[in-house]
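Chemist: Could you have a look at this structure, given as structure tokens, before my questions?
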Amino acid sequence: MENISLQEGVSIRDFVEHVWGFDPTRLEWGAWIFEPKVSQQRKFLLCGKDFGRSKPFCDMLKDASGKESEQIPNVIMLNEGARVPARGDRKLRFPDAAVCMEFQVEYDTPTVRGVEQDGSQEGTRRGLHVDLQTPKAKQLSEDELPLARYALESLSDVGNRRFVTGVLVQDKSLSLWYFDRTGFIKSEDLPIFEEPELFVLVSVALFRCDPRHLGYEPLIQPRPPNSSALPPSRIPRSNFRITPWSMAKRRMRSIKFGVSGPALYVQYGMTGCGTVVLLIKTLHECHLVATHLKEDELIRDLRKTVQPRWQGHLPDLKFSLTIDEADAQLAFLPQTHLTGMYGVSPPEPRVLRILATPRYHYLRDARSLDEFKSVFLDIIHTHRAVYLQANILHWDLSVGNLIRSIVGTTHCRTSPYRADRKELFLSKGKTYPIIMDAITPAFKPLYVQWILPLHDIFNDYVLSLATRRLAISRRKAVMEWDEETAGGTVTYERFMEALGASPKLDS
Numbered sequence: 350m351e352n353i354s355l356q357e358g359v360s361i362r363d364f365v366e367h368v369w370g371f372d373p374t375r376l377e378w379g380a381w382i383f384e385p386k387v388s389q390q391r392k393f394l395l396c397g398k399d400f401g402r403s404k405p406f407c408d409m410l411k412d413a414s415g416k417e418s419e420q421i422p423n424v425i426m427l428n429e430g431a432r433v434p435a436r437g438d439r440k441l442r443f444p445d446a447a448v449c450m451e452f453q454v455e456y457d458t459p460t461v462r463g464v465e466q467d468g469s470q471e472g473t474r475r476g477l478h479v480d481l482q483t484p485k486a487k488q489l490s491e492d493e494l495p496l497a498r499y500a501l502e503s504l505s506d507v508g509n510r511r512f513v514t515g516v517l518v519q520d521k522s523l524s525l526w527y528f529d530r531t532g533f534i535k536s537e538d539l540p541i542f543e544e545p546e547l548f549v550l551v552s553v554a555l556f557r558c559d560p561r562h563l564g565y566e567p568l569i570q571p572r573p574p575n576s577s578a579l580p581p582s583r584i585p586r587s588n589f590r591i592t593p594w595s596m597a598k599r600r601m602r603s604i605k606f607g608v609s610g611p612a613l614y615v616q617y618g619m620t621g622c623g624t625v626v627l628l629i630k631t632l633h634e635c636h637l638v639a640t641h642l643k644e645d646e647l648i649r650d651l652r653k654t655v656q657p658r659w660q661g662h663l664p665d666l667k668f669s670l671t672i673d674e675a676d677a678q679l680a681f682l683p684q685t686h687l688t689g690m691y692g693v694s695p696p697e698p699r700v701l702r703i704l705a706t707p708r709y710h711y712l713r714d715a716r717s718l719d720e721f722k723s724v725f726l727d728i729i730h731t732h733r734a735v736y737l738q739a740n741i742l743h744w745d746l747s748v749g750n751l752i753r754s755i756v757g758t759t760h761c762r763t764s765p766y767r768a769d770r771k772e773l774f775l776s777k778g779k780t781y782p783i784i785m786d787a788i789t790p791a792f793k794p795l796y797v798q799w800i801l802p803l804h805d806i807f808n809d810y811v812l813s814l815a816t817r818r819l820a821i822s823r824r825k826a827v828m829e830w831d832e833e834t835a836g837g838t839v840t841y842e843r844f845m846e847a848l849g850a851s852p853k854l855d856s
């Protein structure tokens, strides 16, 4: 499991200014009088249940937020997370939660060491796919974990969030939170009834916050007449617009794509590059570490390097763009600025990389078993050709990136790589039978034709490795061991032989 950086102690004023984009000097605290409503405070204090505190607290926030005429209409929909909807999939959805909120009556709670990675659902909340602690073993408390889960769902649901902010109310105090895929930020604790100026500052800033400072992707803009319908909880009927100042060096006019449906893919998790695939024509975007190889340049080089026979199996890149810190507005991620202010080492710089290709289809949507086998073999041959002719292999193959074109050619996302092809066949316990039982009737023939022969290959690997380790433990002479091919047991040639296919590449 990966560690997530948690920075604590950011001042309320700094958080409001650098995350929500509100200058604290605009509050002009001494120029007006704020008189909190005692009835609202009483309801808040007398409520003995966590979920019941949201209504009086939100009423207090709205009362302290100033003139309604100065607020941005509909930009704030304060929700205390979300309940499991009455739908068949029972999946949590957070499309309308512009700001995540969590309420706890008791302040002191035990800490937990981490969160299970299996994504199983406990009550209405799913597990996080990360270990929520800093390298110094700072741990989130049990009260703080639900807010992080809400942020996880918000980042992973629709595909239109760069970051998520939240408010955690514990007893009579609140703290402001920031979540993105590089780490978390927690503000100092604010005593709600002892610091009226800061409470009003939070309220005023929150009710005047625009979508960009709430973490919504600024490149995705609702089309008229829905351009004022905020928060933008859905991306169909939106525009993906790259504005002129993001291309100043090229002096190009703005480019606008129409988003015609829900995201085809949104990376789930609190870490990673946050890949989103939108149905436009198609446009792919993700936040990558700036030091990573540039995918678009790599793809173009590959298409020039490999033989014409394999070029059709590589992504047909129509357009690409990288947005870095030089484009301050489009590259906006508050995490980088706040960590620097407090002397904390900032995360690796991120860039927003956008790729546009024709729409491809998932391998799982193959129309027949024969088509599936043909495309799968094309994938293997293409990977082999790219490896031999360009010395590049793919890493992290999954059902999300094994895709094909309409005519059956394959798309292979490329990166430097060390492959691990044995996970399915070396699974132990409950995993293996679950995978085997999931094979649909149309694909049952593959169990005998492909899966069992491939299983035999990796079984040879296990036996060979065990024999080698036993010989070493007994200090006997052992044969040389090629780590790359697992002692010669797992090779491309044996793999293709198990599939009943030729290992030779057509020129």
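Numbers in my numbering are just positions in the sequence shown, counted from 1, shifted up by 349. Just so it is clear, CB atoms sit at the ideal spot from N, CA and C, and this is done for glycine as well.
(1) From the DSSP output, in three-state form, read off Gly607 for me.
(2) Would you check if the distance between the CB atom of Val615 and the CB atom of Asn588 is smaller than 8 Å?
(3) Counting Cβ pairs closer than 8 Å, one from the stretch 648 to 662 and one from the stretch 718 to 725, do we hit at least three?
(4) Which of the three DSSP states is assigned to Asn423 in this structure?
(5) Check Ile806 in the structure and name its three-state DSSP category.
(6) Considering only residues of the same chain and omitting the five flanking positions on each side of Cys396, which have a CB-CB separation below 6 Å?
(7) Output the distance between the C-alpha atoms of Ala791 and Ile784, rounded to the nearest integer angstrom.
(8) Does the beta-carbon of Met828 have 16 or more other beta-carbons within 10 angstroms, so that it is buried, or is it exposed?
(9) Quick one: using the 10 Å Cβ neighbour count with 16 as the cut-off for buried, is Ser851 buried or exposed?
(10) Who are the Cβ neighbours of Tyr527 in its own chain at under 6 Å, not counting the five residues just before and after it?
(11) Figure out for me which residue from Arg590, Ser360, Leu501, Arg713 has the closest Cα to the Cα of Pro540.
(12) Any idea what DSSP makes of Pro852, helix, strand or coil?
(13) With distances taken from CA atoms, which of Pro782, Phe393, Gln684 is nearest Gln453?
(14) Can you name the start and end residues of the alpha helix (DSSP H) that Arg658 belongs to?
(15) Taking contact to mean 3 or more Cβ pairs, one atom from each stretch, closer than 8 Å, check whether the stretch 500 to 511 and the stretch 375 to 393 are in contact.
(16) Can you say whether Ala820 is buried or exposed, counting buried as having 16 or more other CB atoms within 10 angstroms of its CB?
(17) To the nearest angstrom, report how far apart Pro664 and Ile604 are at their CA atoms.
(18) Select from Glu366, Ile584, Phe807 the residue whose C-alpha is nearest the C-alpha of Arg572.
(19) Using the C-alpha atoms, what's the distance from Gln356 back to Lys628?
(20) Is it true that the CB of Arg733 sits closer than 8 Å to the CB of Leu854?
(21) For Ser587, name the three-state secondary structure that DSSP assigns.
(22) For Ser414, count the other beta carbons within 10 Å of its own beta carbon; 16 or more makes it buried, fewer makes it exposed. Which is it?
(23) When the Cα atoms are used, what is the spatial distance from Gly849 to Leu726?
(24) For the alpha helix (DSSP H) holding Glu646, just list the boundary residues, first then last.
(25) How many Å lie between Tyr565 and Leu682 at the Cα?
(26) Per the DSSP calculation, Pro571 is bridged to which residue(s)?
(27) Would Phe542 be called buried (16 or more neighbouring beta carbons within 10 Å of its own) or exposed?
(28) So, for Phe383: in the same chain, excluding its five sequence neighbours on each side, which residues have a beta-carbon less than 8 Å away from its beta-carbon?
(29) For the candidate residues Arg510, Asn509, Leu517, Phe512, whose alpha-carbon lies nearest to that of Tyr494?
(30) How many Å lie between Gly837 and Trp830 at the Cα?
(31) Compare the beta carbon distance of Leu704 and Leu647 with 8 Å and say whether it is the shorter of the two.
(32) Going straight from the alpha carbon of Cys558 to that of Phe371, what length do you get?
(33) Please indicate yes or no: does the CB of Glu644 lie closer than 7 Å to some heavy atom of the ligand ATP?
(34) Within the same chain, show all residues whose beta-carbon is closer than 8 Å to that of Pro794, passing over the 5 residues directly before and after it, in chain order.
(35) In whole angstroms, give me the CA-to-CA distance for Pro560 and Val811.
(36) Quick check on the burial criterion: 16 or more other C-beta atoms within 10 angstroms. Buried or exposed for Val839?
Modeler: Concretely, from the data shown:
(1) Residue mapping note: residue 607 aligns to position 258 of the sequence shown, counting from 1. The answer is strand: DSSP assigns Gly607 an E or B state.
(2) Along the sequence shown, read from residue 1 onward, the residue named residue 615 stands at position 266. Along the sequence shown, read from residue 1 onward, the residue named residue 588 stands at position 239. Going by C-beta atoms, Val615 is not nearer than 8 Å to Asn588.
(3) no
(4) In the sequence shown, the residue the question calls residue 423 occupies position 74. Any answer about Asn423 is weak, because its pLDDT of 40 lies below 50 and its placement is not dependable; what the coordinates show is given next. Coil, per DSSP.
(5) Numbered from its first residue, the sequence shown carries residue 806 at position 457. Looking at Ile806 - three-state DSSP - the assignment turns out to be helix.
(6) Against the sequence shown, residue 396 aligns to sequence position 47. Excluding positions up to five away in sequence, the list reads Arg402.
(7) Residue mapping note: residue 791 aligns to position 442 of the sequence shown, counting from 1. Residue mapping note: residue 784 aligns to position 435 of the sequence shown, counting from 1. Whole-angstrom Cα-Cα distance: 15 Å.
(8) Residue numbering aside, residue 828 sits at position 479 when the sequence shown is read from its first letter. Result: exposed.
(9) Position 502 of the sequence shown holds residue 851. Exposed, since its Cβ has fewer than 16 Cβ neighbours within 10 Å.
(10) The count along the sequence shown starts at 1 and reaches residue 527 at position 178. So the list reads Val368, Thr514, Ile534, once near-sequence residues are dropped.
(11) The count along the sequence shown starts at 1 and reaches residue 540 at position 191. When each option's Cα is compared against that of Pro540, the closest is Ser360.
(12) For the purposes of this step, residue 852 is identified with residue 503 of the sequence shown, where counting begins at 1. Pro852 falls in the coil class under three-state DSSP.
(13) Locating residue 453 in the sequence shown gives position 104, counting from the first residue. Closest by alpha carbon: Phe393.
(14) Counting from 1 along the sequence shown, the entry for residue 658 is found at position 309. From DSSP, the alpha helix (DSSP H) with Arg658 extends over 657 to 660.
(15) no
(16) For the purposes of this step, residue 820 is taken as the residue at position 471 of the sequence shown. That one is exposed.
(17) Taking the first residue of the sequence shown as position 1, residue 664 is located at position 315. Taking the first residue of the sequence shown as position 1, residue 604 is located at position 255. Distance between the alpha carbons of Pro664 and Ile604 is about 21 Å.
(18) Here residue 572 refers to the residue found at position 223 of the sequence shown. That would be Ile584, whose Cα lies nearest to the Cα of Arg572.
(19) Here residue 628 is taken as the residue at index 279 of the sequence shown, counted from 1. Here residue 356 is taken as the residue at index 7 of the sequence shown, counted from 1. The identity of residue 628 in the sequence shown is Leu, whereas the question assumes Lys. One C-alpha to the other measures close to 36 Å.
(20) Within the sequence shown, numbered from 1, the residue matching residue 854 stands at position 505. Within the sequence shown, numbered from 1, the residue matching residue 733 stands at position 384. Yes, the pair counts as a contact, with Cβ atoms nearer than the cut-off.
(21) Your numbering for residue 587 matches position 238 in the sequence shown. Strand, per DSSP.
(22) What you label residue 414 is simply residue 65 of the sequence shown in a count that begins at 1. Per the 10 Å Cβ criterion, buried.
(23) As a first step, residue 849 is located in the sequence shown; it is residue number 500 there, counting from the start. As a first step, residue 726 is located in the sequence shown; it is residue number 377 there, counting from the start. Cα-Cα distance, rounded: 10 Å.
(24) Counted from its first residue, the sequence shown places residue 646 at position 297. Element bounds for Glu646: 644 to 654.
(25) Stepping through the sequence shown from its first residue, residue 565 is reached at position 216. Stepping through the sequence shown from its first residue, residue 682 is reached at position 333. Their backbone Cα atoms lie some 11 Å apart in a straight line.
(26) Locating residue 571 in the sequence shown gives position 222, counting from the first residue. In DSSP, Pro571 forms a bridge with Ser587.
(27) Position 193 of the sequence shown, counted from the start, is the residue given in the question as residue 542. Exposed, because fewer than 16 other Cβ atoms sit within 10 Å of the Cβ of Phe542.
(28) Within the sequence shown, the letter at position 34 stands for residue 383. Only Ala413, Pro545, Val549 meet the Cβ criterion.
(29) Counting from one through the sequence shown, the residue named residue 494 turns up at place 145. The sequence shown places Leu at residue 494, rather than the Tyr named in the question. Considering only alpha carbons, the answer is Leu517.
(30) Reading the sequence shown from its first residue, position 488 is the one you call residue 837. Reading the sequence shown from its first residue, position 481 is the one you call residue 830. Straight-line Cα distance between these residues: approximately 8 Å.
(31) To locate residue 704, count along the sequence shown from 1; it is residue 355. To locate residue 647, count along the sequence shown from 1; it is residue 298. No, these two residues do not count as a Cβ contact at 8 Å.
(32) Numbered from its first residue, the sequence shown carries residue 558 at position 209. Numbered from its first residue, the sequence shown carries residue 371 at position 22. Distance between the alpha carbons of Cys558 and Phe371 is about 7 Å.
(33) The ligand ATP is not among the ligands present in this structure, which contains no ligands whatsoever.
(34) Position 445 of the sequence shown, counted from the start, is the residue given in the question as residue 794. Excluding residues within five positions, the ones whose Cβ falls inside 8 Å are Leu718.
(35) The count along the sequence shown starts at 1 and reaches residue 560 at position 211. The count along the sequence shown starts at 1 and reaches residue 811 at position 462. So the two alpha carbons sit approximately 53 Å from each other.
(36) For this step, residue 839 is matched to residue 490 along the sequence shown. Its Cβ being crowded by 16 or more others within 10 Å, Val839 is buried.
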